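Quick notes on the structure that follows.
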Amino acid sequence: MASPDLFQNVAFSDVSAAAAPAAEGATAAFGVAAATGGPRLSLVKAGKPEVEPTIEIDLSDAQIFKLGPSEWLCLCGESEAKAGVEEKSFSRAIKVVLRTEAESKAFSLAFQRWKHQVISGKAGEPLENGSIIASKSKFDTKIEASSAKMYFHYYGQLLHQQNMLQDFVRTGTYYAAVMENRSDFEGRVVVDVGAGSGILSLFAAQAGARHVYAVEASEMAEHAQRLISGNPSLGQRITVIKGKVEEVELPEKADILISEPMGTLLVNERMLESYVIARDRFLAPDGKMFPTTGRIHMAPFSDEYLYVEMANKALFWQQHNFFGVDLTPLHGSAFQGYFSQPVVDAFDPRLLISPPTYHTLDFTSMKEEELYEIDIPLSFVASVGTRVHGLACWFDVLFNGSTVQRWLTTAPGSPTTHWYQLRCVLSQPLYVMAGQEITGRLHLVAHSAQSYTIYLTMSAKMWGVGAEQGGILQTSTGKLELKEPYYRLSQPQSYMLQQDQQQQQLPSLQPQGSEQQMQEGLSPGITIDQVDQECGLH
1 MASPDLFQNV AFSDVSAAAA PAAEGATAAF GVAAATGGPR LSLVKAGKPE
51 VEPTIEIDLS DAQIFKLGPS EWLCLCGESE AKAGVEEKSF SRAIKVVLRT
101 EAESKAFSLA FQRWKHQVIS GKAGEPLENG SIIASKSKFD TKIEASSAKM
151 YFHYYGQLLH QQNMLQDFVR TGTYYAAVME NRSDFEGRVV VDVGAGSGIL
201 SLFAAQAGAR HVYAVEASEM AEHAQRLISG NPSLGQRITV IKGKVEEVEL
251 PEKADILISE PMGTLLVNER MLESYVIARD RFLAPDGKMF PTTGRIHMAP
301 FSDEYLYVEM ANKALFWQQH NFFGVDLTPL HGSAFQGYFS QPVVDAFDPR
351 LLISPPTYHT LDFTSMKEEE LYEIDIPLSF VASVGTRVHG LACWFDVLFN
401 GSTVQRWLTT APGSPTTHWY QLRCVLSQPL YVMAGQEITG RLHLVAHSAQ
451 SYTIYLTMSA KMWGVGAEQG GILQTSTGKL ELKEPYYRLS QPQSYMLQQD
501 QQQQQLPSLQ PQGSEQQMQE GLSPGITIDQ VDQECGLH
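Encoded structure:
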């Protein structure tokens, strides 16, 4: 191989042409097309000069897919025009086989560099410090383009980065986890997955990292570069790489991955999958991950305030004469629609009616596919007799450092984070007695809009003498969309004993001041039992 952009003794064949034989001992050369000035890949048969390519591929609309350790499939667009005949467009597929895996990797790097016209360094050499490399991500095959566009637009704005940086529980915990475990970072290579503003890369550099690769796919990469360049004592050891971790190439393996991939309920936005992919692609066999594991915590709750607030929203659709129109045919759909929204807010932990349980995700060993569908069995014992309105959830993550183990928690009662907590509210509450078992299932199914559909089932089992032989007394189910939550982020409501909640009328339940804004349109004099009757719960 004469250079990173010239590959000799390759084999190629036109898959689009059924009878086309494979060309052995050929040359693959990247360069600039004389006619257009755009990047192109020339495939030249043995014995032919490079100026007479057998196949010339315009890289501006070409893609490559890996078929094997040294085999690639290149897809490109072609057109055919004949006199008096309408021009036809079609796709062309070219199979390229390199001699070795090392040449195969160099071929892929050269393809990406020329396609995006970003030429920086030879294969295997460290990237020029501070360079930004654009690349196309394979995650596009599982994520809707519109969702990805909005996602990267959101995180490409400084105001949203500021919101996360000002979450001092989040930022302070990351800083402490890094600084308390300097021995894990000193002299090591670090990859920051989804670097955002670059703050975690700067923390790693402060802790003595030899070099940090900050990988960021959104336009925030440019802001991160400016921030890092403005801190030259640290920035000289940080390289910003613009691209998705599914596609970018790094010149060396990492000793440690650092990332903040957590979304609402830990898994929203599906960035955990990218974190696991980065582990498989970049992390050395004995490398560390910060964070190391995550846990989703769950417990049943009782909250009459919240339930009535949500049920009341649908009362608008019980009007029989809305400018002469009967709205009641849509009441049932509207009622279920409001209960399909998970509630994101900070709630009083005394609303929980059972000790929580949790489900663990080990980022160091789990497979990416395990995040496509998460099935969690539920089993609780009610500590009080009350109405169960649904399932409360939160998460925490562990930074398992060599010196200090530090947790970042979003639990109710702990200092509030920008993640808050999440509650799945059942449209049909359950009635339980103290000591009664509550069982069920929390089933999360990933979808292409970078989120999950939540399927919740909760049942109250037979209680009392002979309960072990008994069955289910009540069951309630819900289907909720994690991507479309109800953000209920006013001040937490004052806590009241369950029996007091149920005895009060709605006007007297409403808190004063700013908290009153959390109650939307409660009708004076309507009691909780009346709402139940109107919603068909009695």
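Start counting the sequence shown at 1; every next residue gets the next number (the UniProt record's numbering).
All C-beta atoms, glycine included, are put in the ideal place defined by N, C-alpha and C.
Values in this document were obtained by computation on a predicted structure and should not be read as measured data.
{"Item": "Minimum length 4: unbroken alpha helix (DSSP H) runs contained in the UniProt domain \"Protein arginine N-methyltransferase\" (295-446)", "Value": "304-313 and 331-339"}
{"Item": "Whole-angstrom distance between Lys115 and Ala11, CA atom to CA atom", "Value": "21 Å"}
{"Item": "Beta-carbon proximity check, Thr480 vs Cys424, cutoff 7 Å", "Value": "The question names Thr, but residue 480 in the sequence shown is Leu. Yes, Cβ-Cβ distance for Leu480 and Cys424 is below 7 Å."}
{"Item": "Between the CA atoms of Gly324 and Leu159 - distance to the nearest angstrom", "Value": "46 Å"}
{"Item": "Segment limits, beta strand (DSSP E) that includes Val193", "Value": "Val189 to Val193"}
{"Item": "Among Gly263, Glu101 and Thr171, the one whose alpha carbon lies nearest that of Tyr151", "Value": "Gly263"}
{"Item": "Distance CB(Ala311)-CB(Ala334) smaller than 7 Å", "Value": "no"}
{"Item": "Cβ contact (3+ pairs, closer than 8 Å) linking the stretch 167-175 and the stretch 404-417", "Value": "yes"}
{"Item": "At least 3 beta-carbon pairs within less than 8 Å: the stretch 231-244 vs the stretch 430-449", "Value": "no"}
{"Item": "Lys30 to Arg281 span [Cα, whole Å]", "Value": "One detail in the question is off: residue 30 reads as Phe in this sequence, not Lys. Cα to Cα, the separation comes out at about 26 Å."}
{"Item": "Reduced DSSP category for Val248 - H, G, I as helix; E, B as strand; rest coil", "Value": "coil"}
{"Item": "Given 8 Å, three or more beta-carbon pairs between the stretch 360-371 and the stretch 381-390", "Value": "no"}
{"Item": "Spatially closest choice to Thr27 from Ile353, Arg92 and Arg99, by CA coordinates", "Value": "Arg99"}
{"Item": "The beta strand (DSSP E) enclosing Asp58, as first and last residue numbers", "Value": "Ile55 to Asp58"}
{"Item": "Neighbourhood of Leu330 by C-beta distance below 7 Å, restricted to the same chain and skipping five residues each side", "Value": "Trp317"}
{"Item": "Per-residue DSSP class, three states only, for Glu534", "Value": "Since pLDDT at Glu534 reaches only 41, below the 50 mark, its modelled position is unreliable, and no value is offered."}
{"Item": "Proximity test, Cβ basis, 7 Å: Ile241 and chain D", "Value": "Looking for chain D here will not work: only one protein chain is present."}
{"Item": "Through-space distance from Ile374 to Arg295, alpha-carbon basis", "Value": "12 Å"}
{"Item": "Distance between Met271 and Asp286 (C-alpha atoms, nearest Å)", "Value": "23 Å"}
{"Item": "Cut-off 6 Å between Cβ atoms - residues of its own chain near Glu186, not counting five sequence neighbours on either side", "Value": "Gly208"}
{"Item": "Ser91 (DSSP reduced to helix, strand or coil)", "Value": "strand"}
{"Item": "Continuous alpha helix (DSSP H) assignments of at least 4 residues falling wholly in the stretch 224-283", "Value": "232-235 and 271-282"}
{"Item": "Rounded C-alpha distance that separates Thr475 from Pro355", "Value": "20 Å"}
{"Item": "Nonlocal neighbours in the same chain, by C-beta distance under 6 Å from Gly235, ignoring five residues either side", "Value": "Ile228 and Ser229"}
{"Item": "Stretch pair the stretch 435-448 + the stretch 209-221: three plus CB contacts closer than 8 Å", "Value": "no"}
{"Item": "Beta-carbon proximity list for Arg488, same chain, < 6 Å, skipping 5 on both sides", "Value": "Val343 and Asp345"}
{"Item": "Per DSSP, the bridge partner or partners of Pro39", "Value": "Val32"}
{"Item": "Span of the beta strand (DSSP E), counted from its first residue to its last, around Val168", "Value": "Looking at the sequence itself, residue 168 is Phe, so the reference to Val does not match. No beta strand (DSSP E) contains Phe168, which is instead part of the alpha helix (DSSP H) from Phe168 to Met179."}
{"Item": "Val15 beta carbon less than 7 Å from that of Lys95", "Value": "yes"}
{"Item": "Sufficient close CB pairs (3 or more, under 8 Å) joining the stretch 295-309 to the stretch 196-210", "Value": "no"}
{"Item": "Cβ contact check for the stretch 187-199 and the stretch 245-262: 3 or more pairs under 8 Å", "Value": "yes"}
{"Item": "For Phe322 and Phe399, believed in contact at Cβ under 8 Å, the rounded distance", "Value": "Not a contact, Cβ separation roughly 55 Å."}
{"Item": "Sequence-distant residues of its chain with Cβ nearer than 6 Å to Val531 (five each side left out)", "Value": "Any reading at Val531 is ruled out, since the residue's pLDDT is 42, under 50, leaving its predicted position unreliable."}
{"Item": "Burial state of Gly196, where buried means 16 or more other Cβ atoms lie within 10 Å", "Value": "buried"}
{"Item": "C-alpha gap between Phe7 and Val44, whole angstroms", "Value": "10 Å"}
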